[in-house]
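In case it helps, my numbering puts the sequence shown at residues 61 to 528.
Input: a single structure, listed below in structure tokens.
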Amino acid sequence: MKISYHKLPLLCFALVGLVSELGAAEATLQEQIDQLKSRLQELEAKARTSQSVATPPAEAAHVLHPMDATNSLRVRGMVQLDSHWFFDKDIENDTFLLRRARIGLEGKFGQTIDYHVSGEFAGSTATFLDAYVTLNYSPEAQFKFGRFKTPVGLEQLQPDYAQLFVERSVVSQLLPNRDIGIQVGGELLAARMSYALGVFNGTVDGGNNTTQTDSNDGKNLAARVTFQPWVKGKDSLLSGLTFGLGGTYGLEDANGALATGFKTDGQQTFYSYRTAGASGTTTTVTSNGTVWRLTPQVSYYRGPFCFIGEFVTSSSDIKAVNTTTATAVVNSTQAVHLKNHAWQLQASYVLTGEETNYRGLIPAKDFDRAAGTWGAFEVVGRIASIQFDDQAFAGASANFQIVDPAKSARSADTFGIGLNWYLSKAARVVIDYECTRFQQAAGASAPAVTSVISKPERALLTRFSLNF
61 MKISYHKLPL LCFALVGLVS ELGAAEATLQ EQIDQLKSRL QELEAKARTS QSVATPPAEA
121 AHVLHPMDAT NSLRVRGMVQ LDSHWFFDKD IENDTFLLRR ARIGLEGKFG QTIDYHVSGE
181 FAGSTATFLD AYVTLNYSPE AQFKFGRFKT PVGLEQLQPD YAQLFVERSV VSQLLPNRDI
241 GIQVGGELLA ARMSYALGVF NGTVDGGNNT TQTDSNDGKN LAARVTFQPW VKGKDSLLSG
301 LTFGLGGTYG LEDANGALAT GFKTDGQQTF YSYRTAGASG TTTTVTSNGT VWRLTPQVSY
361 YRGPFCFIGE FVTSSSDIKA VNTTTATAVV NSTQAVHLKN HAWQLQASYV LTGEETNYRG
421 LIPAKDFDRA AGTWGAFEVV GRIASIQFDD QAFAGASANF QIVDPAKSAR SADTFGIGLN
481 WYLSKAARVV IDYECTRFQQ AAGASAPAVT SVISKPERAL LTRFSLNF
């Protein structure tokens, strides 16, 4: 086909027009695609805000995320129903009790701020349990503010749902529990070392600080450091071995309170400071100076086996004021320095083979009668002992002793075995047999037959626990 030269410009204009039309059509199509993508993103965003994120049962089924997914809110709760059955018929304390009933909220603001608020509803009145905020500056430095567990004891810091026995050992009764303060902690040396250091108002042995103010100007320092030298050697037999050391140091003036009483595994008081003497006399016992505690600790986790060991010394200056009002008001003061000691060893083995750790275990298969699966079974054992300072039983007169030797034991030794049945990650049944033997102070009069320390305590303790 031949094309004359005078028609060539017309052909060029026609080609340019065709290319322009094709370009405009392509641009229009791209705009339509972009609009569809934008609409799809809007629909996805609306779907995210109208439902919770799908996550594993009993854990994140209660987690809510907003549109940007950087903030979160989790609803947490715990219910523990216990029963106490005593083999001694002179002890009329067989009972069912609601040991813990907690509900709380926790979550994140962005990537650096965590928060936790929870309350306890098992008692006669509802109380705040934890309320704190954590600033995650880096793995090496995390700052915590509010009311939380004091960083000292190994067993005390273990979550309630993960403890091996119904009750913690007597060791935890010599260490502070929750207090109000600030703390910095983190991991060093590629997670081979961890530390926590805090300043707190100060609380009694085994106690929680339930007030919003401090009764004195003195503050308590608390610290804990742990070492896991072989944690990176996954094939090493020592990879689950951890050494730790915790302690507190503080000053408490004459207004400082003392522990209200030390309890057996069956929750019977076997040692308490005197609050009243004979007719016409009253004895008031308070802290009166330096208070410090020190606790070396060790733990080992490997596969289905775990072992925990802990020793504690609790030292405090004590003042007892005896007031006699029979004829005239006479105040007598006795100041002593008391050192109490306790230790405990406990071990467990998972019969169904699951791996255990400090935060508990998760059964490979949940209990399901229809499917023929039974969850996980774990056997546990523990021995523990606590000894109180002899000076607490000495005094110018029987009424002036800091404790009553006929009601308070000089020492208590405990032995326990148990079986834990993990129905699921959230539910567990615990059955423990506990035996506690008491020793009186030298020269003490025989306790009454109904006294807790008059004979060994033998008890069967059970618990059904639900944690979500």
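In this text, a Cβ means the ideal position worked out from N, Cα and C, and glycines have one as well.
For the beta strand (DSSP E) containing residue i, list its first residue and its last residue.
i: residue 311; result: 301-312
i: residue 521; result: 517-527
i: residue 447; result: 436-447
i: residue 197; result: 187-198
i: residue 142; result: 132-146
i: residue 279; result: Note, residue 279: premise wrong, no beta strand (DSSP E); not H, not E.
i: residue 470; result: Counting along the chain, residue 470 falls outside any beta strand (DSSP E), and DSSP gives it neither H nor E.
i: residue 171; result: No beta strand (DSSP E) contains residue 171, which DSSP labels as neither H nor E.
i: residue 202; result: 201-209
Assuming the contact rule is C-beta atoms closer than 8 angstroms, residue i and residue j should be a hit. Round their C-beta distance to whole Å, please.
i: residue 398; j: residue 449; result: 4 angstroms
i: residue 207; j: residue 240; result: 5 angstroms
i: residue 379; j: residue 402; result: Actually they do not touch by this definition, with Cβ atoms about 23 angstroms apart.
i: residue 413; j: residue 442; result: Not quite, the Cβ-Cβ distance comes to about 22 angstroms (not below 8 angstroms), so this is no contact.
i: residue 230; j: residue 444; result: 5 angstroms
i: residue 440; j: residue 406; result: 7 angstroms
i: residue 218; j: residue 235; result: Not quite, the Cβ-Cβ distance comes to about 12 angstroms (not below 8 angstroms), so this is no contact.
i: residue 238; j: residue 196; result: Actually they do not touch by this definition, with Cβ atoms about 21 angstroms apart.
i: residue 276; j: residue 213; result: 23 angstroms between Cβ atoms; not a contact.
i: residue 211; j: residue 170; result: Residue 211 to residue 170, Cβ: 25 angstroms. No contact.
i: residue 447; j: residue 322; result: Not quite, the Cβ-Cβ distance comes to about 11 angstroms (not below 8 angstroms), so this is no contact.
i: residue 134; j: residue 166; result: 5 angstroms
i: residue 262; j: residue 312; result: 6 angstroms
i: residue 132; j: residue 168; result: 5 angstroms
Considering residue i, what are the terminal residues of the alpha helix (DSSP H) in which it resides?
i: residue 215; result: 214-217
Quick one: what does DSSP say residue i is sitting in, helix, strand or coil?
i: residue 234; result: helix
i: residue 221; result: helix
i: residue 513; result: helix
i: residue 288; result: coil
i: residue 121; result: Bear in mind that the predicted position of residue 121 carries a pLDDT of just 46, short of 50, making it unreliable; the figure below should be weighed with that in mind. Looking at residue 121 - three-state DSSP - the assignment turns out to be helix.
i: residue 181; result: coil
i: residue 108; result: Here the model assigns residue 108 a pLDDT of 39, short of 50, so the residue's position is not dependable, and the following value carries that caveat. Residue 108: helix per DSSP, three-state reduction.
i: residue 454; result: coil
i: residue 405; result: strand
i: residue 246; result: strand
i: residue 257; result: strand
i: residue 328; result: coil
i: residue 422; result: coil
i: residue 153; result: coil
i: residue 364; result: coil
i: residue 494; result: strand
i: residue 487; result: strand
i: residue 298; result: coil
i: residue 335; result: coil
i: residue 381; result: strand
i: residue 369; result: strand
i: residue 355; result: strand
i: residue 319; result: coil
i: residue 542; result: Nothing can be reported for residue 542: it is not among the residues displayed for the chain, which extend from 61 to 528.
i: residue 347; result: strand
i: residue 229; result: coil
Could you name the residues of the same chain whose beta carbon sits closer than 8 angstroms to that of residue i, not counting the 5 residues immediately before and after it, in chain order?
i: residue 222; result: 418, 419 and 420
i: residue 509; result: 150
i: residue 173; result: 193, 194, 195 and 196
Going along the chain, which residues of its own chain have a beta-carbon closer than 6 angstroms to the beta-carbon of residue i, five neighbours each way excluded?
i: residue 253; result: 287
i: residue 178; result: 162, 164, 189 and 190
i: residue 465; result: 453, 501 and 504
i: residue 474; result: 444 and 496
i: residue 209; result: 217 and 238
i: residue 408; result: 224, 366, 438 and 440
i: residue 359; result: 302 and 368
Counting only the same chain and skipping the five closest in sequence on each side, list residues whose C-beta sits under 7 angstroms from that of residue i.
i: residue 291; result: 251, 252 and 299
i: residue 491; result: 478, 479 and 522
i: residue 264; result: 317, 318 and 319
i: residue 187; result: 179, 180 and 270
i: residue 176; result: 164, 166, 190 and 192
Item to complete: Decide yes or no for the touch test of the segment 194-204 against the segment 284-300: beta carbon pairs closer than 8 angstroms, at least 3 of them.
Response: no
Worksheet item: Would you call the segment 511-526 and the segment 145-157 in contact, with 3 or more CB pairs under 8 angstroms?
Response: yes
Worksheet entry | At least three beta-carbon pairs within less than 8 angstroms, the segment 481-489 to the segment 419-430 | yes
Worksheet item: Are the segment 344-357 and the segment 365-375 touching, with three or more C-beta to C-beta distances below 8 angstroms?
Response: yes
Discussion item. Pairs of beta-carbons, one from the segment 435-446 and one from the segment 465-485, closer than 8 angstroms: are there three or more?
Written reply: yes
Discussion item. Within 8 angstroms, do at least three Cβ pairs link the segment 326-335 to the segment 272-285?
Written reply: no
Discussion item. Would you call the segment 131-140 in contact with the segment 150-165, where contact means no fewer than 3 C-beta pairs closer than 8 angstroms?
Written reply: yes
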